[in-house]
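Asker: Following this message is one structure expressed as structure tokens.
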Amino acid sequence: MDYQYPEFEVVRNADRCIGCRACERQCANEVHYYDADLGKMMCDESKCVNCQRCVTLCPTRALKIVKSDNTFRENANWTMENIKEIYKQAETGGVLLSSMGNPKPLPVYWDKILINASQVTNPPIDPLREPMETRTFLGQKPTEVKRDENGKIVNNLSSQLKLEVPIMFSAMSFGSISKNAHESLARAAAELGTYYNTGEGGLHKDFYKYGPNTIVQVASGRFGVHKEYLEAGAAIEIKMGQGAKPGIGGHLPGTKTVGEVSRTRMIPEGSDAISPAPHHDIYSIEDLRQLVFSLKEATEYKKPVIVKIAAVHNVAAIASGIARSGADIIAIDGFRGGTGAAPTRIRDNVGIPIELALASVDERLRQEGIRGNVSIVVGGSIRNSADVVKAIALGADAVYIGSAACIAMGCHQCRACHAAKCNWGIATQRPDLVKRLNPDVGYKRLVNLVEAWNHEIKEMMGGMGINSIESLKGNRLMLRGVGLNEKELEILGIKHAGE
Amino acid sequence: MKRIFVNEEWCLGCHLCEYNCAFANTVSAGKSKANEMAKALKGKKIFPKIQVEENDGIYFAVSCRHCTDPLCVKGCIAGALSVKDGVIEIDQDKCVGCYTCVLSCPYGAIMPAEDGHVAQKCELCTRNSCGSPACVAGCPNNAIVFEER
Ligand code: SF4
Ligand code: SF4
Ligand code: SF4
Ligand code: SF4
Ligand code: SF4
């Protein structure tokens, strides 16, 4: 007996439904169907994941999906969710799987931080009238000026990534997302003058042309990694961890490693792509240093190396080690970061908020005098331009956006990515679904999003009387907390509003 | 001249273009779409001028190509079809329903109208209240585009 009760109800306005059956054709979960005997559209709501595809496409707005109000005898401890999860595990005996980021009502510090604006003494700047700079460079910054025997300055700058906007697209592998999603990201990054990230699935042959705007990832499974791949990108990212599932590896089921995905990953078709939890050659900072330098050696020191870690309890100490490992950039992924599939318990209980991780890493590196060794990039649920501004003021050099980028392409956060039947053509490899994301449309929406954010960033900077993103970096005086306790303010390194 | 072109690769076979076409050519087009479309089309069989062809997972929407040398116009025995600024128009008052055009169009883009007595074809929404192709405006995936080529 199945104890699960459908989570959603599909509500169809009979006065409006014209029986066009677009909903039926567009729902890969086969919720809608036409009943010829009754002469009307019917549905099996138990299969609905609330992806909103049918709602969006219905030409007469006849549909809505609502949360079912069928109620268990729940209480504050035994919530419906807790009870349902037990039923599920009692039925299947399996580990619960989820997708996207941590949905729990844990504090979102971005929402408890406020941004300053200038009044009277230090006048605001109008970004429409005066130049405003959002260009930034990621990489090691030299600590001293070197001169040759004639007193001429010697260029001792190591390789840098040039970003026209302080926003990059985070790692999402080809396999976890579709080829059309990758193409949309790649083209948007190229147009915006920023970067997208291959994730651990290798780089599709068709996308080598976007190499100058690509960050190629080397993860524990080393899928799709070869010399040409490393050389194709503008930077190389070593993935040590991921915010949604710190401490565990990845698993792309054999059903998804088909055709181009298996070729790109360089593994046999239909085989499970398992990324181990650790890199089997990295058990210390010294080991990490070896990999950093092997990658640099392989690419003739032309490309900055990024080390990506999940935000965990000792993040500041770990970052300090990474900053000494020869890496040029540290990427930190907070516990609200998205994923294509993660064990629910890990996603919901492991890791720490990115705001606290960022503040403590920046502070630690400054104290140790090694902040200039690395740039810091943060991700893990950057939801809007204000989050970007706050992240930069807390000490980040740039941010990664993944979920926001997916949402721009049509994702409705139904969190059913692991079922691989994404109705929006993003987290799927089924050809009929993949084609729903026309990269011409997807890339334009990404460009629009980032351009809109960049306008807003300029407006907020202007309000603070700041005309360059560089002057905002680590400028915590521009931030104030609300409703935070002493300890939280201390870690964030900001004052309370009113102080 | 701008024409409707098909990007077959991106067609989802959702058939929304057919419904948008059927609605575009009713009197209520242009008002609150959700209600008016339901009012105009609910419970009716539609006779769109654009039709989605499908077979084996491949879909594309077919409407008049507005040929530069239109066989339908050449074949029309009643002078009902004509070329106006590149758009092939039909005067249904003149059409005698012989369907010579239906037989001569190599694309199957002209068809009997709802009443079964005259032919109908896409006129690029130039003679209804939309002004520009409603099918293109409503396509969710740019699978049909209205452009100069
Ligand atoms: S799964 Fe998506 S497309 Fe299917 S009924 Fe639910 S909301 Fe609609
Ligand atoms: S898409 Fe809307 S109008 Fe068409 S059948 Fe479904 S509910 Fe009815
Ligand atoms: S509306 Fe667009 S995607 Fe849908 S069937 Fe028509 S042409 Fe194809
Ligand atoms: S109806 Fe057919 S023959 Fe006539 S202009 Fe259109 S496509 Fe050409
Ligand atoms: S342009 Fe207008 S009349 Fe022609 S097929 Fe499209 S909707 Fe129908």
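Taken in order, these protein sequences are the chains called L and B. Going by this note's numbering, 467 is the number at position 467 of the first sequence; the sequence numbering is gapless. Going by this note's numbering, 1121 is the number at position 121 of the second sequence; the sequence numbering is gapless. Quick reminder that beta carbons are idealized off the backbone N, C-alpha and C, glycines included.
Counting along the chain, where does the beta strand (DSSP E) carrying lysine 64 of chain L start and finish?
Answerer: Your numbering for residue 64 of chain L matches position 64 in the first sequence. Segment 63-67, the beta strand (DSSP E) holding lysine 64 of chain L.
Asker: Of all the options L:Thr121, L:Gly493, L:Phe169 and L:Gly39, which has the alpha carbon lying nearest to the alpha carbon of arginine 366 of chain L?
Answerer: The residue labelled residue 366 of chain L in the question sits at position 366 within the first sequence. Nearest option by C-alpha distance: L:Gly493.
Asker: Would you call the CB atoms of lysine 1042 of chain B and isoleucine 18 of chain L closer than 8 Å?
Answerer: On the second sequence, position 42 is the one that residue 1042 of chain B refers to. On the first sequence, position 18 is the one that residue 18 of chain L refers to. Taking 8 Å as the Cβ cut-off, lysine 1042 of chain B and isoleucine 18 of chain L qualify as a contacting pair.
Asker: Here's the rule I'm using: 16 or more other beta-carbon atoms within 10 Å means buried, otherwise exposed. How should serine 46 of chain L be labelled?
Answerer: Counting from one through the first sequence, the residue named residue 46 of chain L turns up at place 46. Exposed.
Asker: Does the Cβ-Cβ distance between alanine 416 of chain L and cysteine 51 of chain L come in under 8 Å?
Answerer: Position 416 of the first sequence, counting from 1, holds the residue named residue 416 of chain L. Position 51 of the first sequence, counting from 1, holds the residue named residue 51 of chain L. In this structure, cysteine 51 of chain L lies closer than 8 Å to alanine 416 of chain L by Cβ.
Asker: Quick one: list the residues of chain B neighbouring threonine 71 of chain L, beta-carbon separation under 9 Å, in chain order.
Answerer: Taking the first sequence and counting its residues from 1, one reaches residue 71 of chain L at position 71. Going along chain B, no residue has its Cβ under 9 Å from threonine 71 of chain L, so there is no contact; the nearest lies around 32 Å.
Asker: Does the beta carbon of tyrosine 1107 of chain B come closer than 8 Å to any beta carbon on chain L?
Answerer: The residue given as residue 1107 of chain B occupies position 107 in the second sequence. No, because no Cβ of chain L sits closer than 8 Å to the Cβ of tyrosine 1107 of chain B.
Asker: Thinking C-beta only, is leucine 106 of chain L closer than 8 Å to threonine 344 of chain L?
Answerer: Here residue 344 of chain L refers to the residue found at position 344 when the first sequence is read from its first residue. Here residue 106 of chain L refers to the residue found at position 106 when the first sequence is read from its first residue. Taking 8 Å as the Cβ cut-off, threonine 344 of chain L and leucine 106 of chain L do not qualify as a contacting pair.
Asker: Could you check the C-alpha separation between threonine 136 of chain L and glycine 465 of chain L for me, to the nearest Å?
Answerer: Here the question's residue 136 of chain L lines up with position 136 in the first sequence. Here the question's residue 465 of chain L lines up with position 465 in the first sequence. Straight-line Cα distance between these residues: approximately 18 Å.
Asker: Considering only the alpha carbon of each residue, which of L:His455, L:Ser325, L:Ile113 and L:Glu85 lies closest to valine 165 of chain L?
Answerer: Taking the first residue of the first sequence as position 1, residue 165 of chain L is located at position 165. Nearest option by C-alpha distance: L:His455.
Asker: For isoleucine 1004 of chain B, is the classification buried or exposed, using 16 other Cβ atoms within 10 angstroms of its Cβ as the cut-off for buried?
Answerer: Counting from 1 along the second sequence, the entry for residue 1004 of chain B is found at position 4. Counting Cβ neighbours within 10 Å, isoleucine 1004 of chain B comes out buried, since at least 16 surround it.
Asker: Figure out for me which residue from L:Ala319, L:Leu252 and L:Pro253 has the closest Cα to the Cα of serine 284 of chain L.
Answerer: If you number the first sequence from 1, residue 284 of chain L lands on position 284. Checking every option, the nearest Cα to that of serine 284 of chain L belongs to L:Ala319.
Asker: When every heavy atom of ligand 5 is checked, does at least one fall within less than 7 Å of the C-beta of lysine 40 of chain L?
Answerer: Within the first sequence, numbered from 1, the residue matching residue 40 of chain L stands at position 40. Not under cutoff, so the answer is no.
Asker: Would you please state the rounded distance, in angstroms, between the beta carbons of tyrosine 1107 of chain B and arginine 1065 of chain B? I believe it to be under 8 Å.
Answerer: For the purposes of this step, residue 1107 of chain B is identified with residue 107 of the second sequence, where counting begins at 1. For the purposes of this step, residue 1065 of chain B is identified with residue 65 of the second sequence, where counting begins at 1. The Cβ separation is near 6 Å, so the contact holds.
Asker: Which residue comes first and which comes last in the beta strand (DSSP E) that contains glutamate 1053 of chain B?
Answerer: Within the second sequence, numbered from 1, the residue matching residue 1053 of chain B stands at position 53. Where glutamate 1053 of chain B is concerned, the enclosing beta strand (DSSP E) stretches over 1051-1055.
Asker: Can the beta-carbon of methionine 1037 of chain B be found less than 8 Å from the beta-carbon of threonine 56 of chain L?
Answerer: Working through the second sequence from its first residue, we reach residue 1037 of chain B at position 37. Working through the first sequence from its first residue, we reach residue 56 of chain L at position 56. Result no, Cβ atoms of methionine 1037 of chain B and threonine 56 of chain L do not sit closer than 8 Å.
Asker: At a Cβ threshold of 8 Å, is leucine 57 of chain L touching chain B?
Answerer: For the purposes of this step, residue 57 of chain L is taken as residue 57 along the first sequence, with counting starting at 1. Judged by the 8 Å Cβ criterion, leucine 57 of chain L is in contact with chain B.
Asker: Mind checking if asparagine 438 of chain L is an interface residue toward chain A, Cβ cutoff 8 Å exclusive?
Answerer: Of the chains in the structure shown, none is chain A; the protein chains are L and B.
Asker: Out of curiosity, what's the CA-to-CA distance linking isoleucine 354 of chain L and glycine 402 of chain L?
Answerer: In the first sequence, the residue the question calls residue 354 of chain L occupies position 354. In the first sequence, the residue the question calls residue 402 of chain L occupies position 402. Those two C-alpha atoms are separated by around 14 Å.
Asker: Which residues of the stretch 18-37 of chain L have a Cβ closer than 9 Å to any Cβ of chain B? Give them in chain order.
Answerer: Those residues of the stretch 18-37 of chain L that come within reach of chain B (Cβ to Cβ, closer than 9 Å) are Ile18, Gly19, Cys20, Arg21, Ala22, Arg25 and Gln26.
Asker: For a contact meaning CB atoms closer than 7 Å, what does threonine 60 of chain L contact in chain B?
Answerer: Residue mapping note: residue 60 of chain L aligns to position 60 of the first sequence, counting from 1. By Cβ distance, chain B contributes Ala1034, Met1037 and Ala1038.
Asker: Taking only beta-carbon atoms, is lysine 84 of chain L less than 8 Å away from chain B?
Answerer: For the purposes of this step, residue 84 of chain L is taken as the residue at position 84 of the first sequence. No, because no Cβ of chain B sits closer than 8 Å to the Cβ of lysine 84 of chain L.
Asker: Can you tell me which residues form a DSSP beta bridge with glutamine 217 of chain L?
Answerer: In the first sequence, counting from the first residue as 1, residue 217 of chain L sits at position 217. Answer is L:Glu237.
Asker: Tell me glutamate 1147 of chain B's beta-bridge partners as DSSP assigns them.
Answerer: Numbered from 1 along the second sequence, position 147 holds the residue referred to as residue 1147 of chain B. In DSSP, glutamate 1147 of chain B forms a bridge with B:Arg1003.
Asker: Using the Cα positions of glycine 442 of chain L and methionine 409 of chain L, report the straight-line distance between them to the nearest angstrom.
Answerer: Looking up residue 442 of chain L in the first sequence gives position 442. Looking up residue 409 of chain L in the first sequence gives position 409. Approximately 5 Å between the Cα atoms of the pair.
Asker: Would you give the residue range spanned by the beta strand (DSSP E) that threonine 1181 of chain B belongs to?
Answerer: There is simply no residue 1181 of chain B to check, as chain B begins at 1001 and stops at 1149 in what is shown.
Asker: Would valine 441 of chain L pass as an interface residue toward chain B - the criterion being a Cβ-Cβ separation below 8 Å?
Answerer: Along the first sequence, read from residue 1 onward, the residue named residue 441 of chain L stands at position 441. At least one chain B Cβ lies under 8 Å of valine 441 of chain L.
Asker: Measuring alpha carbon to alpha carbon, tell me which of L:Arg445, L:Asp440 and L:Ile407 ends up nearest alanine 565 of chain L.
Answerer: This structure does not reach residue 565 of chain L, given that chain L is present from 1 up to 499, and the question cannot be answered.
Asker: Could you give the uninterrupted runs of the beta strand (DSSP E) lying entirely in the stretch 265-289 of chain L, keeping only those of 3 residues or more?
Answerer: Listed in chain order, they are 273-275.
Asker: Enumerated in chain order, which unbroken segments of the alpha helix (DSSP H) with a length of 4 residues or greater are wholly contained in the stretch 1052-1126 of chain B?
Answerer: Within the stretch 1052-1126 of chain B, the complete alpha helix (DSSP H) runs of at least 4 residues are 1071-1075 and 1100-1104.
Asker: Is there a Cβ of chain L sitting closer than 8 Å to that of tyrosine 1099 of chain B, yes or no?
Answerer: For this step, residue 1099 of chain B is matched to residue 99 along the second sequence. No, tyrosine 1099 of chain B does not count as interfacial toward chain L.
Asker: In whole angstroms, give me the CA-to-CA distance for aspartate 432 of chain L and lysine 179 of chain L.
Answerer: The count along the first sequence starts at 1 and reaches residue 432 of chain L at position 432. The count along the first sequence starts at 1 and reaches residue 179 of chain L at position 179. Taking the straight line joining both Cα atoms gives about 13 Å.
Asker: Establish whether the CB of lysine 1042 of chain B and some CB of chain L are separated by less than 8 Å.
Answerer: The count along the second sequence starts at 1 and reaches residue 1042 of chain B at position 42. Yes, contact with chain L.
Asker: Inspect the beta-carbon positions of phenylalanine 223 of chain L and alanine 405 of chain L and report whether they are closer than 8 Å.
Answerer: Taking the first sequence and counting its residues from 1, one reaches residue 223 of chain L at position 223. Taking the first sequence and counting its residues from 1, one reaches residue 405 of chain L at position 405. Cβ distance not < 8 Å, so phenylalanine 223 of chain L and alanine 405 of chain L don't count as in contact.
Asker: Which residues in the same chain have their Cβ closer than 6 Å to the Cβ of leucine 288 of chain L, if we skip the five residues on either side of it in sequence?
Answerer: Position 288 of the first sequence, counted from the first residue, corresponds to residue 288 of chain L. Excluding residues within five positions, the ones whose Cβ falls inside 6 Å are Ile282 and Ser325.
Asker: Using alpha carbons as the reference points, say which of L:Gly211, L:Gln242 and L:Gly243 lies closest to glutamate 228 of chain L.
Answerer: For this step, residue 228 of chain L is matched to residue 228 along the first sequence. Nearest option by C-alpha distance: L:Gly211.
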